[in-house]
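When the letters of the sequence shown are read in order and numbered with UniProt numbering, they come out as residues 1 to 236.
The next block holds one structure in the form of structure tokens; read it before the comments.
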Amino acid sequence: MITIDGVTRVRGRTRVLHEVSFTARPGRVTGFLGPNGAGKTTTLRVLLGLDRPQGGTALIDGRRYADHDRPLTVAGALLDGSGAHRSRSARSHLRWVAASNGLPRSRVGEVLDLVGLGAEAGKRAGRFSLGMSRRLGLATALLGDPPVLILDEPVNGLDPAGIRWMRTFLRDSAAAGRTVLLSSHLMGELAETVDDVVIIDRGRVVAAGELAEVVGGHATLEDAFLAKTGSEGVSW
Ligand SMILES: Nc1ncnc2c1ncn2[C@@H]1O[C@H](COP(=O)(O)OP(=O)(O)OP(=O)(O)O)[C@@H](O)[C@H]1O
């Protein structure tokens, strides 16, 4: 369970998050949606302890991420890139992360299979396509078998097959009971994947709830967003 309560983040003179509050629940995929620059990445960075808020709390299972004894077993995150050094193979990267977090080496083969990279385990990360890099990042996030997954723009840049694979993976993760929180500026792509939606615009949450509730009487999620924010011509 993810609980974000009144998070405010100021950068220089700009308030980039204004008392952001929402929850993401187990067994559900929650889409954190909004245009470029709305504050999605900043919120996820606060949640992972990479950015310090000026106010409010962002908790995973009741504690800040960094306050958990073994964070990788509580939440797995996929932010920019796979995190692997270009010259390392997928397998050696995962072994290194496992060893440095006290996780069993046997888990490396399991996560490679889970993301469909078993046959590419010996290949250097620098030679991976974007889709493969994304899968390696996911494999890393899954090493600790965490009940919570936090993903920043997981489908951005993927081809249709990659998007379909990611969609199925995220749905299966929620069906297995995980809490899945993902950000995206691609509302159309996500409408088929998410159960719950949180829409953020210029640092403020403008809508939150079950997908059907947020779409309401509008034809699409994007129409609902435009109606709620009154913005036209936003850069998606
Ligand atoms: N390192 C930084 N220094 C100063 N301002 C920043 C920094 N990173 C982000 N911002 C500003 O904070 C605001 C929120 O940015 P953020 O990256 O969280 O948005 P986002 O919703 O993730 O956007 P995108 O979809 O483009 O990734 C933006 O106005 C951005 O310009």
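Glycine is no exception: its CB is placed at the ideal position from the N, C-alpha and C atoms.
Close Cβ partners of residue i (< 7 Å) along its chain, the five nearest in sequence each way excluded
i           : result
residue 237 : Summary: the structure shown does not reach residue 237, with the chain confined to residues 1 through 236, and so no result is reported for it.
R107        : A98 and L143
R204        : H18
L48         : Y65, A77 and I150
Alpha carbon of residue i to alpha carbon of residue j, nearest angstrom
i    : j    : result
A176 : P146 : 12 Å
G76  : A24  : 14 Å
D51  : G137 : 20 Å
D113 : R167 : 17 Å
D201 : L78  : 22 Å
T220 : E210 : 14 Å
V234 : T73  : Since pLDDT at V234 reaches only 47, below the 50 mark, its modelled position is unreliable, and the value read off the structure follows with that caveat. Approximately 38 Å between the Cα atoms of the pair.
H218 : A224 : 6 Å
I2   : H68  : 14 Å
Closer than 7 Å: residue i CB and nearest ligand 1 heavy atom
i    : result
N36  : yes
H85  : no
G56  : no
T8   : no
R11  : yes
H18  : no
G49  : no
G81  : no
K228 : no
G109 : no
G39  : yes
T30  : no
Close Cβ partners of residue i (< 6 Å) along its chain, the five nearest in sequence each way excluded
i           : result
V7          : L17, V20, V46, P53, G56 and A58
G12         : none
residue 237 : Summary: the structure shown does not reach residue 237, with the chain confined to residues 1 through 236, and so no result is reported for it.
V180        : V29, L149, L170, S173 and A174
A207        : I199, V214 and K228
G126        : R86
Neighbourhood of residue i by C-beta, 8 Å cutoff - its chain only, sequence neighbours within 5 removed
i           : result
R171        : V29 and T193
P104        : A98
residue 237 : Nothing in the structure corresponds to residue 237, since the chain is present only between 1 and 236.
- Query: Which residue spans inside the stretch 124-199 form an unbroken beta strand (DSSP E) run of at least 3?
  - Reply: 148-152 and 179-184
- Message: Measuring CB atoms only, is the stretch 21-32 touching the stretch 197-206, in the sense that at least three cross pairs come out at less than 8 Å?
- Response: yes
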